[in-house]
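These protein sequences, in sequence, are chains A and B. Okay, so the first sequence: first residue is 198 according to my numbering, each after it adds one. Okay, so the second sequence: first residue is 179 according to my numbering, each after it adds one. A virtual CB, placed ideally from N, CA and C, is assigned to each residue, including glycine. No experiment lies behind these values; they were computed from the predicted model shown. Everything below concerns the one structure shown next.
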Amino acid sequence: MCPFEFFRPKTLAEALELLERGVPLAGGTALTPRRGEKPAVIDLRELGLDNLEIQASTILIGAGLNLQKMVDAVHILPVALREVCIKEAGWNLRNMATLGGTIMSSDGRSPLLTVLLALGAKAVIEPGGNTVPLVELLQQREGAGFHRLIITIQLMKPLTLVYEQISRTPADRPIVCAAIAHFPEDDAGNLFQVALGGFGSRPIRVEEAESILEGGGDIDTAVEACRKVYAEAGDAWASAEYRSHAAGVLVRRLLTELLS
Amino acid sequence: MRIHFTLNEVRTEIEVSPDATLLSVLRDQLGLYGVKHGCETGECGACTVLLDGVPVNTCVMLAPQVDGREVTTIEALGEHPDLGWRPSAGLDPIQQAFVETGAIQCGYCTPAMILVARALLAREPNPSEEQVREAFSGVLCRCTGYLKPVQAVLRAAAVLRGEIVEPIEGPIPAPSGLFPARGDEPREEDVMPGGPEVLTRTSVMPRIIVASQAKPRRVVGRPEVKVDAIKLAQGKPAFTADIEMRGMLVAKILHSPLAHACIKSIDCSKARALPGVAAVLTWEDIPRVVYSTAGQSDPIPGPLDSFSLDKKVRFVGDRVAFIAAETESIAEQALGLIEVEYESLPTVLDLEGAMAEGAPQIHDEPEYVDFAESDPKRNLAAQIRIDIGDVEVGFAEADVIIEGTYQVPKVQPAHIEPHVVVTYWDEDDRLVIRTSTQVPFHVRRQLAPVLCLAPKRIRVIKPRIGGGFGGKQEVLIEDVAAHLTIATGRPVRFEYTRAEEFFAARSRHPMHIRIKTGVKRDGTITANEMYALSDTGAYGCHALTVAGNTGHKAMALYVGDGHYRDAPNIRFYADIVYTNTPPCGAYRGYGVPQGFWAVERHMEVIARQLGLDPLAFRLQNALRVGEIHPFSAAWSEGREPRPETINTCGLEDCVRQGAAAIGWADKYGDPEWHQVPGVPHLRRGSGLLW
């Protein structure tokens, strides 16, 4: 057996150099139980990735900020974003789990990932300093050899952000969840961004529903587009028929709230 | 690697393995047993410590992560109020509040809760109930349901703010006339407030009606501090695994990857050659003694169908080999070095097909000892046939026959403390079994033949257990450590992982239940019939008795009305079958919840079909004081039945008070009440069952 190694680099450059030898360690909540599969971990604690900054139209969150600090950012982050951080984990784990770690380790049943998708989140990645849409990042993370670091998450500031979920208990992971963000009209992005979660390896954006809403289409058509994307989404937690129907119900409820 | 950190205000420097969790370092290296092992995935929070003042889970944190930081464990808080000649600072106010309010049940999660409360009150000295509950969101309690811990934190907060709190001295008598007499309409003040904001009443004592003729007592009817509350609030080493022994080995089990297979060969040579491995045992190394793992009195009311190790495996997770090694990681490494050749066999995974013609036989061992008409050739672990009166006559006298089928799934008890055992030879050469069990005497009696020791050569110690809920009414893992201690002569510790709890411990029996009921138009039940098909899994532990109680309790409640009270017509049949799935066993209620789940749903169906008030229909047919328990003369867990008269029964009073408390009369049948004003997609409901 190769000995397991633990590194705590002081600089980003050191950390990036070490990425070939191991995997980044943020809070450790997801990685620690699987440490036996890894040759080494690179503790990111000293890289100072826990900033939180508000700009004119965007919010910048350091990948190392833990979820409880996001909950505590009362006048900075949208209420719905803070609330899904509470749904994401109990207090103990929120004091450990970071935004970056959650993005890299959560599956489709993550309320936080679903809301981040609706907010059009983008990740600043090193090396290279590229900005990658979260939709793409969630696909890339599943491939082998993802030897990169998320430094910052960029969010567009919404006019309104709404979220609903259905779960077996209020504290359970959602069987179906939906988030819709409404942005100012002059924004470069879309007016509406719709995301569904509760299934599979990652939540999904429903771009067809967004186009319908931006084209002045009615709620029924947008709801039907959302139902369609979960038409085959059956698993041990819910049948595809149920999940598809419930997704439509949630989206209708959220749109009714938003448009009223 | 070396790490430096502040532990309970003391600067600490230690050498740790880079992949060691903080939990293992605190417990195994530093002896801080107030930090508990409950899972390995951060789910339960039993391993909570404060890191720089906030609660974190140490099972999902690597020890090197605390380098340069401040760690606080429960051991930093308070001390026993009586330390002899040395003045004591006493318990921390939070610990004191937990002791006073009765917030400690098993005590396994108590250190975590107290630390979480400390962090909360440091940040919010005057928390709302909602904030307290949210603070507990990372700590699972399977015993108390959080009511008392929430009360304790609110009380401690008041104390820390310098407020005077009322002493908890005696019963708080219920106000005169609080509970309505029979026939009274519920009053507005009887209906308890509801809603998400009001979940916990901060009054610690329940309302108690003290009979006027009752004499005041010094103890009975008054609050009493739990005898071990002070040690549990301090996180003292009160549980099975909270012990250090020189030279103690760590045990692991190699589990079967197949649901049904014969072991053709096992090669343990590589595992035995691994440095640090003290013993590897297979079925070829230990005596072949058939027994039952069900913790029950002698004679065991069930089949003898288990071996410590066998040459056949019967479910994914069944035992193949035992290993004892110097460390857990060596034991895990050795598991991967055992080479097993299996001959895969056809499986039975569906209980409905278990007794079908041609189904694979799960128990074909010649040593099998049957009980209560068990028939291993048909995968039948036990069978029950009880007829009281004549149901066919009762059905003929009914106006309506209503049938239904109901399913109850497999459920894991999920006690926070896993199954854990430590074994060693004592100074009298007795084999000591220190175990987290609900049945210490059965452990000794049942393992004596398995270990080839006289019972007097076995001493069982049962420390505090961190929850059992029936899951530890089983002689489940004691034999593993015991065999390894016999083999090596050394102390051995064996503890299930959370994953093993799910695939290799016991769970509630899943059942398919059919009920057929004859009813007259006026609501009188004339006959009631239940057939329960129960899945015991791969072994017949508690097979007969759990299913027996399914009928014995649930089918005894609704005897019918009028002359049917004197001569009810009840049938309860059950088949308990083997399948190639993890075995089932005792779990809270011992078969009764399965039965009542089906019966109560069925009663509701009947009431709705006949347009009857569900409360009145149930009470009309329910067993009453002075009547004979109908099953008492027919069945008694495999022993001689004796008739039992119902001498007391508070059911009617309970229903009346409960209905008043939830405002049943105002809500049931009122469609308007089910609407939520201003939230068109929401409905609210009100239901009952018992």
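Residue burial classification, residue i (beta-carbon count within 10 angstroms, cutoff 16)
{"i": "B:M423", "result": "exposed"}
{"i": "A:I258", "result": "buried"}
{"i": "A:S303", "result": "buried"}
{"i": "A:D415", "result": "exposed"}
{"i": "B:G373", "result": "With a pLDDT of only 41 at B:G373, under 50, the local geometry of the prediction cannot be trusted, and no value is derived from it."}
{"i": "B:P371", "result": "Any reading at B:P371 must be qualified, since the residue scores a pLDDT of 41, below 50, and its modelled position is unreliable; no value is offered."}
{"i": "B:E302", "result": "exposed"}
{"i": "A:N248", "result": "exposed"}
{"i": "A:T453", "result": "exposed"}
{"i": "B:P792", "result": "buried"}
{"i": "B:E462", "result": "exposed"}
{"i": "B:H541", "result": "buried"}
{"i": "A:P367", "result": "exposed"}
{"i": "B:F183", "result": "buried"}
Beta-carbon neighbours of residue i, restricted to chain A and to distances below 8 angstroms
{"i": "B:A313", "result": "W288"}
{"i": "B:D206", "result": "Going along chain A, no residue has its Cβ under 8 angstroms from B:D206, so there is no contact; the nearest lies around 16 angstroms."}
{"i": "B:D197", "result": "F201, F203, R232 and G233"}
{"i": "B:H859", "result": "V446 and R450"}
{"i": "B:E218", "result": "P230"}
{"i": "B:G223", "result": "G287 and N289"}
Span separating the alpha-carbon of residue i from that of residue j
{"i": "B:P479", "j": "B:F549", "result": "7 angstroms"}
{"i": "B:L867", "j": "B:I840", "result": "13 angstroms"}
{"i": "A:T295", "j": "B:P345", "result": "44 angstroms"}
{"i": "B:P849", "j": "B:G863", "result": "10 angstroms"}
{"i": "A:S441", "j": "B:L325", "result": "37 angstroms"}
{"i": "B:D197", "j": "B:G220", "result": "16 angstroms"}
{"i": "B:E535", "j": "B:D483", "result": "22 angstroms"}
{"i": "B:G495", "j": "B:M689", "result": "22 angstroms"}
{"i": "B:V194", "j": "B:P242", "result": "8 angstroms"}
{"i": "B:T505", "j": "B:R180", "result": "20 angstroms"}
{"i": "A:V420", "j": "A:R279", "result": "26 angstroms"}
{"i": "A:L410", "j": "A:A223", "result": "38 angstroms"}
{"i": "B:G816", "j": "B:P481", "result": "12 angstroms"}
{"i": "B:E187", "j": "B:T250", "result": "8 angstroms"}
{"i": "A:I401", "j": "A:G225", "result": "26 angstroms"}
{"i": "B:V610", "j": "B:A449", "result": "27 angstroms"}
{"i": "B:R779", "j": "A:P308", "result": "34 angstroms"}
{"i": "B:G231", "j": "B:W775", "result": "45 angstroms"}
{"i": "B:G718", "j": "B:D445", "result": "30 angstroms"}
{"i": "A:N289", "j": "A:N327", "result": "33 angstroms"}
{"i": "B:T236", "j": "B:I421", "result": "19 angstroms"}
{"i": "A:T255", "j": "A:I350", "result": "10 angstroms"}
{"i": "A:Q336", "j": "A:I363", "result": "25 angstroms"}
Expected contact under 8 angstroms - CB spacing of residue i and residue j to nearest Å
{"i": "B:E595", "j": "B:G645", "result": "6 angstroms"}
{"i": "A:E323", "j": "A:L346", "result": "5 angstroms"}
{"i": "B:G285", "j": "B:L410", "result": "3 angstroms"}
{"i": "B:Q651", "j": "B:Q616", "result": "5 angstroms"}
{"i": "B:Y469", "j": "B:P627", "result": "7 angstroms"}
Closer than 8 angstroms at the beta carbon, the chain B residues around residue i
{"i": "A:P143", "result": "Outside the shown range of chain A, which is 198 to 457, sits residue 143 of chain A, and nothing can be said about it."}
{"i": "A:A368", "result": "S315"}
{"i": "A:G225", "result": "V238, M239, L240 and Q243"}
{"i": "A:N327", "result": "Going along chain B, no residue has its Cβ under 8 angstroms from A:N327, so there is no contact; the nearest lies around 29 angstroms."}
{"i": "A:D304", "result": "Per Cβ cutoff of 8 angstroms: no residues; A:D304 is ~14 angstroms from chain B at best."}
{"i": "A:D247", "result": "The premise fails here: A:D247 is roughly 13 angstroms from chain B at the closest Cβ pair, so nothing lies under 8 angstroms."}
Residue i: contacting residues in chain A (beta-carbon distance under 7 angstroms)
{"i": "B:M179", "result": "F203"}
Within chain B, partners of residue i - CB distance below 7 angstroms
{"i": "A:N292", "result": "V232, P233 and V234"}
Neighbouring residues, chain A, relative to residue i (Cβ below 9 angstroms)
{"i": "B:T226", "result": "N289"}
I'd like the ranges of any beta strand (DSSP E) spanning at least 3 consecutive residues and lying wholly in the stretch 305-344 of chain A. For the stretch 305-344 of chain A, whole beta strand (DSSP E) runs of length 3 or above, ordered along the chain, are 319-323 and 327-330.
Can you list the alpha helix (DSSP H) stretches of 4 or more residues lying completely in the stretch 391-417 of chain A, in chain order? Fully enclosed alpha helix (DSSP H) runs of 4 or longer: 404-411.
Length-filtered (3 minimum) beta strand (DSSP E) runs lying within the stretch 202-289 of chain B: The stretch 202-289 of chain B contains, as complete beta strand (DSSP E) runs of 3+ residues, the segments 226-229, 232-235 and 248-250 (chain order).
Output the residue ranges of the alpha helix (DSSP H) runs that lie fully inside the stretch 393-457 of chain B and measure 4 residues or longer, sorted by chain position. Taking 4 residues as the minimum length, the alpha helix (DSSP H) runs contained wholly in the stretch 393-457 of chain B are 407-411 and 447-451, in order along the chain.
For the stretch 452-540 of chain B, list the beta strand (DSSP E) runs that are entirely contained and at least 3 residues long, ordered along the chain. List check, beta strand (DSSP E) in window: 455-459, 497-503 and 517-522.
Segments assigned alpha helix (DSSP H), at least 4 residues, entirely inside the stretch 759-813 of chain B: You should have 770-788 and 792-799.
Completely contained alpha helix (DSSP H) runs for the stretch 235-290 of chain A, where each covers 4 or more residues: Whole alpha helix (DSSP H) segments, 4+ residues: 264-269 and 276-285.
Please list the segments of the alpha helix (DSSP H) lying wholly inside the stretch 294-341 of chain B, counting only runs of 4 or more residues, in order along the chain. As far as the stretch 294-341 of chain B is concerned, its whole alpha helix (DSSP H) runs of at least 4 residues are 307-313 and 325-338.
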